[in-house]
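Quick note on the UniProt record's numbering: the sequence shown kicks off at 1 and runs consecutively.
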Amino acid sequence: MKHKISGHLPAVPSSLSPWIIVILSLCFVNSYDGDFVFDDTEAIVNNNDVRNTPIWNVFQNDFWGIKLSHRQSHKSYRPFTILSFRLQFWLRQSLVSQDYHIVNIILHSVICLLTLFVYNIFLGPEEQSTSFYATALFAVHPIHTEAVSGIVGRAELLCSLFTWLSILLYSRVIYTKNILHMWTAMSGFAICITMAMLCKETGITAIGICAIYDIVIVNKIYPIDIVNFLSLKHSDKSFNDFINHKNILLRLAALTLIAITLLLIRFSIMGFSTPTFQSVDNPASFMNNILLRTINYNYIYCLNMWLLICPMWLCFDWSMGCVSLITGYDYRTFLVIIFWLMFGMLIMYIFISHKDKTLRYTIMGLAVLVCPFLPASNIFFNVGFVLAERVLYIPSAGYCLLVIVGLQKLSARFSLSKTSLLAYVMLITLLFVRSWIRSSQWRNERLLFQSALDVCPLNAKVHYNIAKNAADAGNIDLAKLEYREALRLNPKYAQAMNNLGNLLKDDGELLEATNLFKQAVNLQKDFSTAWMNLGIVQSALKRYEESEANYFMALQYRSNYPDCYYNLGVLYLERKQYDKALKAWINATKQKSTHKRAWTNMILLLDDLGRAEEALKVANKALEFIPNHAPIYFNIANILGKKGKYEDAEIQFKRAILKDPTDPIIYANLGVLYHRWNKLSVAEDMYKKALQLKPDLHSAKENLKRLYTLKISIK
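The following block contains the structure:
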């Protein structure tokens, strides 16, 4: 009983503990009816891989739907996460954000239950009390909010799910006596590890956790034993047993083989190249001074640990001013020193402490804390973020285990069982409330972005997102103000320049918009959207040659760009280069078969050129891709009406009305058709209907006057 750490906090019945864990895990249920927010828009709403591209494309593109070979790809290869999004879209045939949020919440609850089982195999059946308290802490930790309440956090959730399943299967590999069952479990383990890695890259770190579990927990080999062996002091019985025990050597060899194979597959998918990021994504990695770069990385580790200890200040994005760089003498350097002193004491404890259960559990907690965090540590390669709360989802399980092991040890040392229980209950309550409040802030972008101002008021990206949200809501003045604030905080923020330029362009402030677009493309040469927008404003300023050159620059950096082809066609139309305009719009519809404006413009131009039959052919082809687009039926009706085919035109007008019954122009033109057809009463009804919808519609008023004049002359 000397080394047993359980019993200091009251035991919870094993039949009751899973239910308590599930209830606690629902602290994030506040976001169940939330919108698609922040990265959800690009990864899900605007990602064709979630909707209708061939399935094989999911395995060729990155998480954002960009070809892995493309220079702008972040190489984030997570096809199984995208497939989970796609499955939900297929079931609903639409994107319903509430469905995605509910699935995330359910996944978190399932993961919490699996966490309990994983802790049980780490600690053994006699420490189920410790497992329960650690799992309860994991279930309510606010650091999980981004992963659970942000839909793109599905990558973390699925990766965690398969990571825990792989650990449970590896335990089966160790303890099963049947060879067939062992190889079945090992095959299942390899599949789960692969699935975890294809949900998110960090899944492969589960191999390291399993190896440490096998060595430390199962075979009771301690770090000091390894040190003694390497220093030729290998008389220790446990390490000799380790060397002589063939099964563990075979298992570790299998783990190594699986790890090497998966790493080779992963790097081959990336084309054996790492993604390139801008300095705003991870400023510390662009510092030339190795010492300062290292200090900044270590300060970020401190911040990650602080968020686990005290998750009060949470932000959806920690870039662009949230964490200022340490460039010289800075008090934060002392925080780094304190962090490593404390971490160093923990490492010393591992090497000099008694070889007991507490030590093994501490090592296991550290393994779960550190191993999954390594890919985000900038040690092996640079990452595209400063700090991301979502990457702490699995590491927090190690932290929670360490906290409860420490609490049990403290309670045993000073006989503080009641005090420890009270402190624990207060901690769980506080974290539950914090998670509940934080998850509500993820329900929509307005709440999310405003909450970030309290944490990172100097973050240009926060102001950028507030501006973007305001523009979408029609609050243009606030949007302009926030974009200018973002540029004040980060004068090299190309995306903010582009978006502010768009607002100014729409308000007719073309010269200032032009300057902003030029600054944006000077800062980011491959910024194809800014090149296109620069082409649009220069076209409005009648600088046609410059406009055309800028459209071609946009297409050079982004060959699949239907909107750019559409605007290029508009430019050629203004220059009366009709054949070129038609070719540009054809390219737009080839790249995006549902490009409504390109189809409509082609039909109108062909009709204006007197090529009515071609216009009708193009219109009928357009209906194959956009059968619910009323303007196509409307244009077909107008063409048929001019050809004197009144009955056919009437059918098309009525189809247009079915698709869009609130468009006054359709009723007005149908009135013109009836007017020509000499169906004056019906024509009068159509004109009146158009004026009901739009009382100031001049054409309908004039035609109605002519109709009344005609009726009087007939009488």
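Positions of the beta carbon are idealized from the N, C-alpha and C atoms, including for glycine.
Model, not experiment: these values are computed from the prediction.
{"Check": "Between the C-alpha atoms of Asp356 and Ser411, what's the straight-line distance to the nearest angstrom?", "Outcome": "17 Å"}
{"Check": "Sorted by chain position, which residues of the same chain lie with C-beta nearer than 7 Å to Ile476's C-beta, five sequence neighbours on each side aside?", "Outcome": "Leu503"}
{"Check": "Just to confirm, are Ala619 and Ile639 a CB contact at a threshold of 9 Å?", "Outcome": "yes"}
{"Check": "Could you tell me the distance, in whole angstroms, from the CA atom of Ala367 to the CA atom of Phe36?", "Outcome": "34 Å"}
{"Check": "Okay, do the region 319 to 334 and the region 76 to 86 touch, 3+ Cβ pairs below 8 Å being the bar?", "Outcome": "no"}
{"Check": "Is Lys418 helix, strand or coil by DSSP?", "Outcome": "helix"}
{"Check": "Do Ala598 and Pro562 come within 9 Å of each other at the CB atom, strictly closer than that value?", "Outcome": "yes"}
{"Check": "Given a cut-off of 9 Å on the beta-carbon distance, is the pair Thr362 and Leu374 in contact?", "Outcome": "no"}
{"Check": "Out of Leu9, Ser76 and Phe527, which one is the CA nearest neighbour of residue 716?", "Outcome": "With the chain running from 1 to 715 in the structure shown, residue 716 is simply not present."}
{"Check": "Compare the Cα-Cα distances from Arg676 to each of Lys645, Ala622 and Met186 and report the closest residue.", "Outcome": "Lys645"}
{"Check": "Alpha carbon to alpha carbon, what distance is there between Ile248 and Ile212?", "Outcome": "11 Å"}
{"Check": "Between Ser420 and Ser17, what straight-line distance do the alpha-carbon atoms span, to the nearest angstrom?", "Outcome": "19 Å"}
{"Check": "Out of Gly321, Arg434, Asn57 and Lys480, which one is the CA nearest neighbour of Lys461?", "Outcome": "Gly321"}
{"Check": "Using three-state DSSP, classify Lys621 as helix, strand or coil.", "Outcome": "helix"}
{"Check": "Quick check on the burial criterion: 16 or more other C-beta atoms within 10 angstroms. Buried or exposed for Asn703?", "Outcome": "buried"}
{"Check": "For Ala467 versus Leu489, is the C-beta distance shorter than 9 Å?", "Outcome": "no"}
{"Check": "Spatial neighbours of Ile258 within its chain, please: C-beta separation below 6 Å, excluding the five flanking residues on both sides.", "Outcome": "Ala190"}
{"Check": "Taking Phe664 as part of the alpha helix (DSSP H), name the residues at either end of that continuous run.", "Outcome": "Just to set this straight, residue 664 is Pro in the shown sequence, not Phe. Unbroken alpha helix (DSSP H) run through Pro664: Pro664 to Arg676."}
{"Check": "Check Lys67 in the structure and name its three-state DSSP category.", "Outcome": "strand"}
{"Check": "What's the call for Phe380, buried or exposed, on a 16-neighbour Cβ count within 10 Å?", "Outcome": "exposed"}
{"Check": "I need the DSSP call for Met1, collapsed to helix, strand or coil.", "Outcome": "With a pLDDT of 40 at Met1, under the threshold of 50, the modelled position of that residue is not reliable, and the figure given next carries that caveat. Met1: coil per DSSP, three-state reduction."}
{"Check": "Taking Arg575 as part of the alpha helix (DSSP H), name the residues at either end of that continuous run.", "Outcome": "Counting along the chain, Arg575 falls outside any alpha helix (DSSP H), and DSSP gives it neither H nor E."}
{"Check": "The alpha helix (DSSP H) spanning Asn48 covers which residue range?", "Outcome": "Asn48 -> no alpha helix (DSSP H), and no H or E assigned at all."}
{"Check": "Quick check on Glu389: buried or exposed, where buried means 16 or more other Cβ atoms within 10 Å of its Cβ?", "Outcome": "buried"}
{"Check": "Cβ atoms of Arg78 and Leu180: under 9 Å apart, would you say?", "Outcome": "no"}
{"Check": "By how many angstroms is the C-alpha of Pro664 removed from the C-alpha of Met686?", "Outcome": "9 Å"}
{"Check": "Looking at the strands, I want to know which residues DSSP matches up with Pro61.", "Outcome": "Before going on, a small fix: residue 61 reads as Asn here, not Pro. According to DSSP, Asn61 bridges with Lys67."}
{"Check": "For a quick check, are the C-beta atoms of Lys654 and Asn628 less than 9 Å apart?", "Outcome": "no"}
{"Check": "Tell me whether Arg434 counts as near the ligand SAH, meaning its Cβ is closer than 8 Å to at least one heavy atom of that ligand.", "Outcome": "Inclusion of the ligand SAH in the displayed structure is not the case, the ligand content being empty and no account of it being possible."}
{"Check": "Give the single residue among Phe28, Arg71, Ala376 and Cys27 whose Cα lies nearest to the Cα of Tyr557.", "Outcome": "Arg71"}
{"Check": "Do Ala134 and Ser166 count as a contact pair if the criterion is CB distance below 9 Å?", "Outcome": "no"}
{"Check": "Smallest Cα separation from Trp436: which of Tyr32, Lys689 and Ile21?", "Outcome": "Tyr32"}
{"Check": "To the nearest angstrom, report how far apart Trp318 and Val391 are at their CA atoms.", "Outcome": "13 Å"}
{"Check": "Is the beta carbon of Cys112 sitting closer than 9 Å to the one on Ile209?", "Outcome": "no"}
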